[in-house]
Amino acid sequence: MKRWAIPLVILTAWFAAAGTACAGDGLPKPNIVIENKDGQCVAPPEEMRRNHMEMLKHQRDLTLREGIRGSKVSLNGCIECHAGKKTGSVIGSDDSFCQTCHAYAAVKLDCWDCHQPKAGYKATGAKPHE
Amino acid sequence: MSDNDNGRRGFLATGATMAAGLGFVAIAPGIRLIEIAQARPAGEAASSAVRWGMLIDTTKCASGCDACVSACASENGIVEQVEDPAQRSHWIRKIDLKDKQSGREHSLPMMCQHCAEPPCVDVCPTGASMKRADGIVLVDRHICIGCRYCMMACPYKARSFVHEPLTEQNPEVPRGVGCVEACTLCVHRVDRGQLPACVEACPEGALLFGDLGDPNSEISRRIAQEATTQVRADLQLNPGVRYQGI
Amino acid sequence: MTTTFLSYRASTPRFWLIAAIGALVSAVGFGAALYMEHHGHVVTGMNNQVVWGIPHVFAIFLIIAASGVLNVASIGSVFGKAAYKKRAPLSGLLSIAMLAGGLFVLMLDLGRADRVMIAATYYNFTSVFAWNVFLYSGMFGIVAVYLWVLMEKRMYAFVKPVGIAAFVWRLILTTGTGSIFGFLVARQAYQSAVLAPMFIIMSFAWGLAVFMVVQRTMYDWNAMTLHPAVRRRMKHLLGVFVAAVFYFVLVYHLTNLYFAKETGFERFILVDGGIFPLLFWGGWFLLGTVLPLALIYLPALAFRGSVLTASLLVIFGAFCQLYVFIIGGEAYPMDIFPGMQASSSFFDGQVATYAPSLPEFLLGIGGLGVAFMITLIGIRVLKFLPEDDLTQLEAAAD
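Chains as they are written, first to last, in my numbering: chain A, 1 to 130; chain B, 1 to 246; chain C, 1 to 398.
Written out as structure tokens, the structure is:
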């Protein structure tokens with residue numbers, strides 16, 4: 001029961017918020033575009049909307065602290081599928097996949113301080129400090 | 001937490017295929033695998049039966065050569081140009097040594113020594129500094145608050161603090177402003193059966209990587225037979241990185 | 001008590017002016033921290049060799065003095081000295097204020113100050129730092145209760161046990177602060193068992209000096225003069241503490257000199273380390289120890305304000321001492337390969353340079369501002385002014 005209560009509350013709040021946005025209070029409403037349609041998300045979209053934060057936070061501890069790799073849930077995985085074609089990134093504009101909802105819900109992520117938000121990105125490989 | 005257990009179990013079955021399916025995890029062609037230990041299967045945690053370590057033969061290490069340092073930098077995306085050299089990150093550095101009495105000179109690479117009793121882990125207030133089951137000492141930058149107490153505690157000056165926002169990270173090696181970082185022994189490579197970048201890059205083969213927990217590994221055999229040194233052995237930290245010829 | 005309080009209230013414009021200045025200083029400190037947070041620590045002089053800088057000098061001063069200032073209350077409640085009993089509430093208030101100021105600086109200097117929630121919820125119990133987080137929050141709690149039993153007449157029976165608890169807690173707290181350094185085996189300057197007792201005795205001296213400055217200021221504002229008997233007693237106590245600090249610093253350096261491998265470090269701090277010997281001898285030794293002792297003990301030097309001057313000099317010396325201890329200790333190269341000369345692109349074998357930048361300095365000053373504001377508000381809304389029972393004092397003076 002309790003397990004469902006929190007997502008339910010979030011979902012209700014989400015729809016309520018979405019409702020007010022549609023009513024035209026000036027906030028751009030989330031513009032979720034799935035550009036890369038091959039392959040399936042790691043879970044059904046409803047579950048993703050509700051749970052992706054917990055999934056990611058759980059997975060990061062497994063990967064970093066325990067060394068469990070190759071899991072279905074992976075931040076780099078999300079980025080590979082969900083990066084926008086124009087920017088090549090999951091953030092950067094208010095239409096970017098990992099930003100559109102967050103901008104709307106006023107969630108601020110610190111993940112991109114460290115995690116490379118661009119898909120297929122390789123560091124330049126230049127020698128440092130020369 | 002419990003919500004994810006399903007996902008995890010389901011994934012165990014399909015893990016192997018998934019691992020190959022994601023472009024990132026796929027092993028680039030032409031890269032030597034570690035003979036002594038294969039990539040850990042997807043979904044399996046690092047094991048405490050293994051203890052990763054390195055043996056560095058300083059007699060083969062040339063003073064002007066910094067192949068290991070550049071390999072580390074490009075592998076780990078340490079490419080930012082911080083203006084003040086003292087604020088730059090150094091995961092690995094070359095130290096030139098000169099014996100004060102005999103005048104003998106030699107050179108060696110210095111990095112996180114992956115201690116069995118790491119002082120950085122002892123002092124970390126949040127538990128961000130941690131030792132993985134297989135002996136690799138890491139900073140869990142998801143809970144690092146940037147207090148830098150570990151940098152005060154490290155006797156090898158092996159840790160760096162990121163002083164500036166970064167954008168050029170290698171996707172496999174997240175790193176960012178306000179956290180402390182250090183050599184990860186290329187954990188992302190080791191976990192899929194590759195050697196650390198520095199080991200692979202050394203033109204003299206001066207760096208030997210392997211499992212100190214396996215008595216039959218080459219590194220264990222050499223440590224058992226030849227004279228090796230632990231840097232600052234007086235502190236009894238039991239480092240995973242050993243040297244020869246100091 | 002009400003009368004003195006009213007006379008204080010009478011100078012309202014001055015109160016607001018001072019409050020505005022205090023608020024401004026705190027706000028500037030906070031702004032400096034936001035600036036550091038936004039740009040990263042590149043905008044500071046701190047680097048990968050000198051990882052703790054000026055903010056830590058301020059923070060550690062405030063935290064150590066915070067525990068020391070509580071001494072005044074302890075002497076009253078635990079050891080039953082009447083003159084100090086009257087001063088217990090002010091001493092408790094100052095303790096909370098300075099602790100808050102110190103933590104303000106320490107927290108805002110973090111590389112990820114946005115993660116304070118993590119600092120508060122993830123604990124690694126082998127970390128001296130994590131113990132300190134507990135000790136600090138416990139200190140707030142105990143001193144708050146202490147203040148309450150002191151100021152609430154009905155609770156007066158509990159003053160002694162609570163006072164003892166606070167006294168013990170503050171000793172542990174300073175031991176903890178000293179141990180932050182004492183456990184750092186890596187560096188020549190720190191790994192010493194003398195550090196914990198040395199920090200305790202430093203806290204006695206610095207805390208009392210801060211107390212005397214605040215007390216003097218409050219008396220001035222209220223156009224009152226401190227009774228000479230109290231003044232004499234407190235100044236002699238300060239003298240004893242300053243001399244004791246001197247003794248401990250002496251022992252610390254002598255033990256270092258005794259171990260051959262530390263002589264290089266001692267040479268650096270005491271002789272040829274540039275700014276560090278200067279601050280050590282000129283700042284801490286001459287201005288912060290010898291001169292205050294002379295002002296306290298040589299009647300020929302006494303003038304109106306000589307005790308205040310001595311207290312201020314002790315505080316100045318404290319900053320010099322911490323600078324030498326913290327920054328000097330980091331600047332001196334670690335001896336990773338004993339017996340060998342090391343050089344590298346990462347400054348192995350080289351003395352590190354450190355030049356504090358404006359933002360980090362402002363952050364440190366902001367901590368003083370926060371402590372000041374809390375004190376100011378406290379003495380404004382509650383009765384903290386020590387008022388002496390003159391007949392009792394006269395009797396005690398003989």
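Glycine included, C-beta positions come from ideal geometry on N, C-alpha and C.
Exercise for the section: Provide the residue span of the alpha helix (DSSP H) that contains L313/C, from first to last. Expected result: S306 to L322
Practice task
Compare the C-beta of H115/A against all C-beta atoms of chain B and say whether one is closer than 9 Å.
Solution key: Yes, contact with chain B.
Practice task
Just the C-alpha distance for D25/A and F319/C, rounded to the nearest angstrom, thanks.
Solution key: A caution first: D25/A carries a pLDDT of 45, below 50, which makes its placement in the model unreliable, though a value can still be read off. Straight-line Cα distance between these residues: approximately 55 Å.
Problem - Those runs of the beta strand (DSSP E) which lie wholly inside the segment 12-39 of chain C and span at least 3 residues - result: Runs found: none.
Exercise for the section: Flag G146/B as yes if its beta-carbon sits less than 9 Å from any beta-carbon of chain C, otherwise no. Expected result: yes
Handout entry: Any chain A beta carbon closer than 9 Å to E172/B
Key = For E172/B, a Cβ of chain A is located within less than 9 Å of the residue's own Cβ.
Practice task
Give the DSSP-derived three-state secondary structure of H52/A in the structure shown.
Solution key: H52/A carries a helical assignment under DSSP once its states are collapsed to helix, strand and coil.
Problem - Distance cut-off 8 Å: Y243/B Cβ against heavy atoms of the ligand MN - result: This structure simply doesn't include the ligand MN, nor any ligand for that matter.
Handout entry: Length of the line joining the Cα atoms of V173/B and H90/B
Key = 15 Å
Handout entry: Assumed close pair R222/B, L55/B - CB separation to whole angstroms, cut-off 8 Å
Key = 6 Å
Practice task
Can you check DSSP and say which residues form a bridge with Y123/C?
Solution key: Answer is none; Y123/C lacks a bridge partner.
Problem - DSSP state of K86/C mapped onto helix, strand, coil - result: coil
Exercise for the section: For S160/B, return the contacting residues in chain C, with the cut-off set at a CB-CB distance below 7 Å. Expected result: Chain C residues near S160/B: N48.
Practice task
Below 8 Å CB to CB, which residues in the same chain sit around Y252/C once its five sequence neighbours on both sides are set aside?
Solution key: S192, V194, L195 and M198
Problem - As assigned by DSSP and simplified to three states, the class of Y243/B - result: strand
Problem - A342/C, enclosing beta strand (DSSP E) - first and last residue - result: From DSSP, the beta strand (DSSP E) with A342/C extends over M340 to S344.
Problem - Distance between beta carbons of S107/B and A158/B, contact taken as under 8 Å - result: That pair is no contact at about 17 Å.
Problem - Contact with chain B by G67/A, beta-carbon distance below 9 Å - result: Chain B contact via Cβ: present.
Handout entry: V139/B: first and last residue of the uninterrupted alpha helix (DSSP H) it sits in
Key = V139/B -> not in any alpha helix (DSSP H); beta strand (DSSP E) instead, spanning V137 to V139.
Handout entry: G68/C: first and last residue of the uninterrupted alpha helix (DSSP H) it sits in
Key = I54 to V69
Exercise for the section: Locate the beta strand (DSSP E) running through L207/B, then write down its first and last residues. Expected result: In the DSSP assignment, L207/B falls within the unbroken beta strand (DSSP E) covering L207 to D211.
Problem - Per DSSP, the bridge partner or partners of T229/B - result: According to DSSP, T229/B bridges with Y243/B.
Practice task
Look at the Cβ atom of F181/C, then the Cβ atom of Y190/C, and state whether they are nearer than 9 Å.
Solution key: yes
Problem - Amino acids of chain C, ordered along the chain, whose beta-carbon sits closer than 7 Å to that of H163/B - result: Neighbours of H163/B on chain C, chain order: G40, H41 and V42.
Practice task
Give a yes or no on contact between the segment 172-179 of chain C and the segment 149-160 of chain C, applying the rule of three or more CB pairs nearer than 8 Å.
Solution key: no
Handout entry: Option in L64/A, I68/A and E80/A with minimal Cα separation from K37/A
Key = E80/A
Handout entry: Residue-level contact to chain E via CB, S95/C, 9 Å cutoff
Key = Looking at the structure shown, chain E is missing, and the protein chains on hand are A, B and C.
Exercise for the section: Pull up the distance between the alpha-carbon of G77/B and that of P89/C, whole angstroms please. Expected result: Cα to Cα, G77/B sits roughly 56 Å from P89/C.
Exercise for the section: Look up K60/B in the DSSP assignment and say whether it is helix, strand or coil. Expected result: helix
Exercise for the section: Return the Cβ separation of S306/C and L238/C in integer angstroms, given the expectation that the two are a contact with Cβ distance under 8 Å. Expected result: Incorrect: roughly 12 Å between the Cβ atoms, too far for contact.
Practice task
Please report the residue range of the alpha helix (DSSP H) in which K94/B lies.
Solution key: Per DSSP, K94/B is not a residue of any alpha helix (DSSP H); the beta strand (DSSP E) it occupies stretches across I92 to D99.
Exercise for the section: Give every residue of the same chain whose Cβ lies closer than 8 Å to the Cβ of G364/C, excluding the five residues on either side of it in the sequence, and list them in chain order. Expected result: Correct list, in chain order: G29, I54, P55, V57, F58, A59 and V105.
Handout entry: Below-9 Å beta-carbon distance, V324/C vs any chain B residue
Key = no
Exercise for the section: Report yes if the C-beta distance between G245/B and D57/B is below 9 Å; otherwise report no. Expected result: yes
Exercise for the section: Could you please give me the residues that DSSP links to S89/A through a beta bridge? Expected result: K118/A
Practice task
Determine whether the Cβ of P239/B lies closer than 9 Å to any Cβ atom of chain C.
Solution key: So, not an interface residue.
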